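The numbers in UniProt numbering rise by one with no breaks, and the one at position 118 of the sequence shown is 118. Scroll down for the structure; my scribbles are underneath it.
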Amino acid sequence: MSCSLSNSNQLPFFSKRVSTNLLFPNFTTSSLQLDSDKPCRRRLRALLSIPEIPPNALRRKNDPLWRGGFSLGVDLGLSRSGVALSKGFTVRPLTVLELRGQKLELRLLEIAENEEVDEFIIGLPKSWDGKETPQSNKVRSVAGRFAVLAAHRGLNKSTRQKKVDAYAAVMVLERYFSTFGEGTELVLPKQSDLQEKLRRGPPADIDFYPE
């Protein structure tokens, strides 16, 4: 899995008290918080880049016949987070999670395993004029921790989950695929071994890729 942050126009959230611009293109694996370590960020970019781990939306743009895994859209909120699923054609709302911190991150990984997800799309809140907000820093921090967890754990098949509406996350994915992942920002683990794991990608699924 790889992880990215992307911009979007003002998207409705679950509560009227929260009005942010959510940017959620593809998100496969999160990394540690990178903003405070600029030298490390430069090294990361030298190791892996979007051409090496292109988001699913960009893959589909370059090859309409490309077949890959699902993208999980996450609309992070102060108390509730929406989750939706897509393979680039239609977006399906999954659930709304009333969790925070590590419990939320572990639950998202569990959903990713159950739904055969290979990338996460996480929204980055911005103000009306396109500037980042205090909430943007919180989202980046979550993305950083989540990247490491996702890279360590990987993804496995499992049973399907009960589906609940999560329309804000649906809009996140719709924008992501409609713009072919434009503006996607990769969020990577610091560890070089985890980055190499991302470069290799998941093993081929003989059930999903028939000869």
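Glycine is no exception: its CB is placed at the ideal position from the N, C-alpha and C atoms. If you're wondering where the values come from, they're calculated on a predicted model, not measured in any experiment.
Tell me, to the nearest whole angstrom, how far the beta carbon of residue i is from that of residue j; I am working on the premise that it is less than 8 Å.
{"i": "ASP118", "j": "GLY68", "result": "6 Å"}
{"i": "GLY107", "j": "LEU97", "result": "Strictly speaking, residue 107 in this sequence is Arg, with Gly absent from that position. About 6 Å separates the two Cβ atoms, so the contact holds."}
{"i": "GLU105", "j": "PHE70", "result": "The Cβ separation is near 18 Å, so there is no contact."}
{"i": "VAL83", "j": "ILE122", "result": "Rounded, the Cβ-Cβ distance is 11 Å, inconsistent with contact."}
Measuring alpha carbon to alpha carbon, tell me which residue in the options is nearest residue i.
{"i": "LYS61", "options": "PHE177, GLU113, LEU108, SER71", "result": "PHE177"}
{"i": "ASN114", "options": "ASP75, LEU85, PRO54", "result": "LEU85"}
{"i": "SER136", "options": "SER81, PRO125, GLN102", "result": "PRO125"}
{"i": "GLY144", "options": "PHE120, TRP128, LYS131, ASP63", "result": "PHE120"}
{"i": "GLY101", "options": "LYS87, SER81, VAL91, ARG92", "result": "SER81"}
{"i": "ARG140", "options": "ASP63, ASP75, GLY88", "result": "ASP75"}
{"i": "SER79", "options": "GLU132, LEU99, LEU149, LEU58", "result": "LEU99"}
Quick one: using the 10 Å Cβ neighbour count with 16 as the cut-off for buried, is residue i buried or exposed?
{"i": "GLY77", "result": "buried"}
{"i": "residue 252", "result": "Because the chain is modelled from 1 through 211, residue 252 falls outside the range shown and cannot be assessed."}
{"i": "PRO134", "result": "exposed"}
{"i": "LEU109", "result": "buried"}
{"i": "ASP193", "result": "exposed"}
{"i": "GLU116", "result": "buried"}
{"i": "ASP129", "result": "exposed"}
{"i": "GLU196", "result": "exposed"}
{"i": "PHE27", "result": "A caution first: PHE27 carries a pLDDT of 34, below 50, which makes its placement in the model too unreliable to give a value."}
{"i": "PRO64", "result": "exposed"}
{"i": "SER30", "result": "Confidence at SER30 is low in this model, with a pLDDT of 32, below 50, so its placement is unreliable and the value that follows should be read with caution. With 16 or more other Cβ atoms within 10 Å, it is buried."}
Q) Which runs of the alpha helix (DSSP H) spanning at least 4 residues fall entirely within the stretch 63–149, listed in chain order? A) 101–114
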